[in-house]
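What follows is a set of notes on a single structure, which appears directly below.
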Amino acid sequence: MEKLRGLKCRECGRRYPSAPVHICEFCFGPLEVDYDYEALRGIVTRTSIAAGPPSIWRYRDLLPIEGDAAVGHHVGFTPLVRSQNLAEELGVSELYIKNDSVCHPTWSFKDRVVAVAVTKAREFGFDTVACASTGNLANSVAAHAAEARLKSYIFIPADLEQGKIVGTLVYHPTLVAVEGTYDEVNRLCSEVSDKYRWAFVNINIRPYYSEGSKTYGYEILEQLGWRAPAHMVVPCAGGSLITKIWKAIRECTALGLVERAATKMHAAQAAGCGPIVTMVKNDTDVLIPVRPNTIAKSLAIGNPADGYYAYRAVKESGGYGEHVSDEEIVEGILLLARTEGIFTETAGGVTVAVTKKLIEAGVIPRDESVVVCITGNGLKTPDVLSERLETHVMIRPSLSAFDRALAELKFQAGQQGKKENR
Amino acid sequence: MRVRLTFPPERIQEPIIYHLVKDFDIVTNIRRADVKADHGWVVLELEGKEENLERGIAWLKGKGVKVDPVERDVVVP
Ligand SMILES: Cc1ncc(COP(=O)(O)O)c(C=O)c1O
Ligand SMILES: [Zn+2]
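Written out as structure tokens, the structure is:
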């Protein structure tokens, strides 16, 4: 079946054959994969999808690959949790958590995009994949390159924390630390991708890579019994995820997989790096780049490539957006852990905190369904919590020591209770 | 070299690109632009000697113009 028609410029509409290119030669606009939806209608059905594997590849007809998946056979199909406790705490009746903090194999939704990108890189015949990253993307590209037995070059700013370096190096890539300002690192990587014949997942492979994010949306709709929720709260960095979830919802409507899709897409960002939410709040399609200053490092893109398209997705869907402070982000992480037993990273803290704010402001009515998009794992960013966690009790190995400690804890809890009741 | 220039409000009225061409011997080729009352950006191709490009870009930055690859931020968290 010829489902792929190559690439198409998002700005001027010019068409290109399928190739590892990402920018229109005429207007320098971004290129996007062009599908033949007519051909897909009737072929992609609820039944055909249900017959597929429990991974992102059950949606392969809507992904830009020609053959079979080369890597990441177990990526995706993460839990959609119906929340009781958090819903109660936030005062809403129907709340779900899409939990990509347990995405296989590197614990973030980036595995979805990278599995598609690396498969595509193999189809194009590349022997090397690359990316420029400070976190989740670096982990995922290195892991999938290892699985595909491809060489990988991962570019990072030289001052990256040790934890993130280990989480990448363990997969044995070539890790290139670049000394320079952030802008210099950006420009260099852009130039490297022009010069070397490598599959730079988020540069020359970007049109294919970004399509992987659609699977996050398909899964939510399928897991809801092919129903679209009234609201989704999505964390934004480059703005690709929210754009592609919105695209997934529209595709599912066009293909007749869902009847009515009136989902309002809400953008979640940190106050210290929120250029997309600023566009939404100011109601302007002009993106003003910012210098990031937030603990939500995985959302710290000051000049997002898809900022304009993310803004458009929010507007078209009738959604809104909100900024949250670093304190609110930490509260968000703790709230999700305390109520649902899910430990997410700072990006998830942003999403939870933004959801809370939007509910309190009445933007999300209390009787409408909401999906909170959790996209990464808390064990990658434990440092942000170090000052906020209670210390444990320490005792000698005797029962009487334990009894005393327990009595002390109960006494303290009683005092605390009295104070709160006053 | 393909770049995106973002102009601060106070520079919108100035003939920045004219000076880039004239003073640094750079050839420019504008592909897309959007200039509003208070902000503006232009996506263009710059051609010239490596050192002229470097000097031209340094001059732009000195003027408060943001110079980015057309892809914008390439380093992804
Ligand atoms: C955990 C996590 N959530 C959300 C995002 C945002 O995705 P996007 O850049 O597509 O907006 C990122 C990375 O960029 C991320 O690492
Ligand atoms: Zn174009």
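Protein chains in written order, with the working numbering: chain A, 1 to 422; chain B, 1001 to 1077. Heads up, the beta-carbon is just placed ideally off N, CA and C, and yes, glycines get one too. Note that this is a predicted model, so its numbers are computed, not measured.
A heavy atom of ligand 2 is found nearer than 7 Å to the CB of G29 (chain A). With a cut-off of 7 Å, the C-beta of E11 (chain A) is classified as near ligand 2, since at least one heavy atom of the ligand falls inside that distance.
Across the set A:T128, A:L255 and A:N186, the C-alpha of A:T128 shows the shortest separation from the C-alpha of Y196 (chain A). Beta-bridge analysis with DSSP links F200 (chain A) to A:A130. Residue contact with chain B for A199 (chain A): absent (no Cβ-Cβ distance below 8 Å to any residue of chain B). If you look at T47 (chain A), you'll find it in the alpha helix (DSSP H) that goes R46 to A50. Between V350 (chain A) and I374 (chain A), the C-beta spacing is not below 8 Å.
A check of alpha carbon separations from R206 (chain A) across A:S190, A:L224 and A:E219 identifies A:S190 as the nearest. Taking a C-beta distance under 8 Å as the contact criterion, V234 (chain A) and A262 (chain A) do not qualify as a contact pair. Between H144 (chain A) and A177 (chain A), the CB-CB gap reaches or exceeds 8 Å. Q416 (chain A) has its alpha-carbon roughly 45 Å from the corresponding atom of Y311 (chain A). As DSSP reads the structure, T344 (chain A) sits in a beta bridge with A:N377. Residues of the region 12 to 29 of chain A with a C-beta less than 8 Å from any C-beta of chain B: H22, I23, F26, C27, F28 and G29, listed in chain order.
According to DSSP, residue pairing for E1047 (chain B) in a beta bridge involves B:V1027. Taking all protein chains in view, the Cβ of R58 (chain A) is crowded by 16 or more other Cβ atoms within 10 Å, so the residue is classified as buried. Here L1046 (chain B) really is in contact with I1026 (chain B); their C-beta atoms are around 5 Å apart, less than 8 Å. If you ignore the 5 residues before and after L334 (chain A), its C-beta comes within less than 7 Å of the C-beta of R388, all in its own chain and listed in chain order.
Where G163 (chain A) is concerned, the enclosing alpha helix (DSSP H) starts and stops at Q162 to L169. Here H1039 (chain B) carries a coil assignment [DSSP, helix/strand/coil]. In this structure, S210 (chain A) and K244 (chain A) form a Cβ contact; the two beta carbons are roughly 6 Å apart against a cut-off of 8 Å. Beta-bridge analysis with DSSP links V141 (chain A) to no other residue. In the displayed model, T284 (chain A) falls within coil according to three-state DSSP, outside both helix and strand. Considering only A:L406, A:E322 and A:A87, the residue with the shortest C-alpha distance to D367 (chain A) is A:A87. Below 8 Å, too few C-beta pairs join the region 352 to 370 of chain A and the region 278 to 293 of chain A to call them touching: fewer than three. Residues are counted here when their Cβ sits less than 8 Å from a Cβ of chain B; for the region 107 to 137 of chain A these are C131, A132, S133, T134, G135, N136 and L137, given in chain order. When Cβ-Cβ separations below 8 Å define contact, I65 (chain A) makes no contact with chain B.
Taking a C-beta cut-off of 7 Å against chain B, the contacting residues of the region 185 to 196 of chain A are V185, N186, R187, C189 and S190, listed in chain order.
The region 150 to 168 of chain A makes contact with the region 130 to 138 of chain A, as at least three CB pairs between them are under 8 Å. Taking 7 Å as the cut-off, one finds at least one heavy atom of ligand 1 near enough to the beta carbon of C236 (chain A). Taking a C-beta cut-off of 7 Å against chain B, the contacting residues of the region 300 to 321 of chain A are A300, I301, G302, N303, P304 and A305, listed in chain order. Ranked by how close their Cα comes to the Cα of G238 (chain A), the residues A:L224, A:Y309 and A:E219 have A:Y309 in first place. Between ligand 2 and F26 (chain A), a heavy atom-to-CB distance of less than 7 Å is present. The criterion of a C-beta distance shorter than 8 Å is not satisfied by N85 (chain A) and K110 (chain A). In this chain, the alpha helix (DSSP H) harbouring E89 (chain A) covers N85 to L90. The beta carbon of G135 (chain A) sits closer than 7 Å to at least one heavy atom of ligand 1. Judged by their CB atoms, W1041 (chain B) and L1005 (chain B) are nearer to each other than the 8 Å cut-off.
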